[in-house]
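Asks: The letter at position 14 of the sequence shown is residue 39 when you use my numbering, and the numbering goes up by one with no holes.
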Amino acid sequence: AVCFIESVIPERTAGIKEERTNNEMPSISYDGQDYSAILSLPRLTVILPIRASWDKMAVKKVPCRFSGNPYNGSLIIGGVDANGQFDFVPKIDIGDELTVTDMKGYVFTYTVSTVKHAKNAKAKTLTGCDYDLTLFAKDKKTGDWLLVRCKMK
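#1: State the DSSP-derived secondary structure class of P74, mapped to helix, strand or coil.
#2: Which word fits T124, buried or exposed, when buried means at least 16 other C-beta atoms lie within 10 angstroms of its C-beta?
#3: Would you give the residue range spanned by the alpha helix (DSSP H) that K149 belongs to?
#4: Using the rule of at least 16 other Cβ atoms within 10 Å of the residue's Cβ for burial, across every protein chain shown, is I119 buried or exposed?
#5: What are the partner residues of W170, as DSSP defines its beta bridges?
#6: Between R174 and D157, what straight-line distance do the alpha-carbon atoms span, to the nearest angstrom?
#7: Could you say if the stretch 138 to 148 and the stretch 159 to 177 meet the contact criterion of at least three C-beta pairs nearer than 8 Å?
#8: Note down, in chain order, each residue of its chain lying with its Cβ closer than 8 Å to the Cβ of D169, except the 5 sequence neighbours on either side.
#9: In three-state DSSP terms, what is K176?
#10: Can you check which of these residues, T46, T70, A77, I53, is closest to I101 by C-alpha distance?
#11: Can you tell me whether DSSP reads D106 as helix, strand or coil?
#12: Please check the pair P88 and A26, which I expect to be a contact at CB under 8 Å, by giving their CB distance rounded to whole angstroms.
#13: Pick from E122, N48, A146: whose alpha carbon is nearest that of F161?
#14: Locate the alpha helix (DSSP H) running through F29, then write down its first and last residues.
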């Protein structure tokens, strides 16, 4: 999916957080699924497609957008601690840089600010914080949820 999605995204340009009247993330359909972004973490050589909407079954195979968007700094993406998916989360370090590229070619760059453990991944736990991007996944070893909170550069 990543190769196809990267091949149809237009020329990349820097994305910026701004007030918009339309915060809908554009999506591209591939193999019957809609994708809204690509997540990249260069230090750990991670490149993952992000499904356009939350799906409890699909998230077992591919990370999904839980809510929000990069345009207003409210993006939340969930995944599972599995090989080829969010298994990188336990290895992430504060200060790591990652990017989210939307389907229009806008690249949003973030820096990891905190990595926290939580007992649940309910909407109240994930939202309402002063971070522009949150990644979350259940840690297979501890059973806790790992929350990676990031600020836009």
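We treat Cβ as the ideally placed atom computed from N, Cα and C, and that holds for glycine.
Replies: In brief:
#1: Strand at P74.
#2: Within 10 angstroms of the beta-carbon of T124 lie 16 or more other beta-carbons, which makes it buried.
#3: It spans 148 to 151 - the alpha helix (DSSP H) in which K149 sits, taken as one unbroken run.
#4: I119 should be labelled exposed.
#5: Its beta-bridge partners are A143, K163.
#6: Taken atom to atom, the span from the alpha-carbon of R174 to that of D157 is near 8 Å.
#7: Counting Cβ pairs under 8 Å, three or more are found: they touch.
#8: So the qualifying residues of the chain are H142, A143, K144, K163.
#9: In this structure, K176 counts as strand in the three-state DSSP scheme.
#10: Closest by alpha carbon: A77.
#11: Coil.
#12: By a beta-carbon distance limit of 8 Å, P88 does not contact A26. Their separation comes to about 11 Å.
#13: The shortest C-alpha to C-alpha distance from F161 to any of E122, N48, A146 is the one to A146.
#14: Element bounds for F29: 27 to 33.
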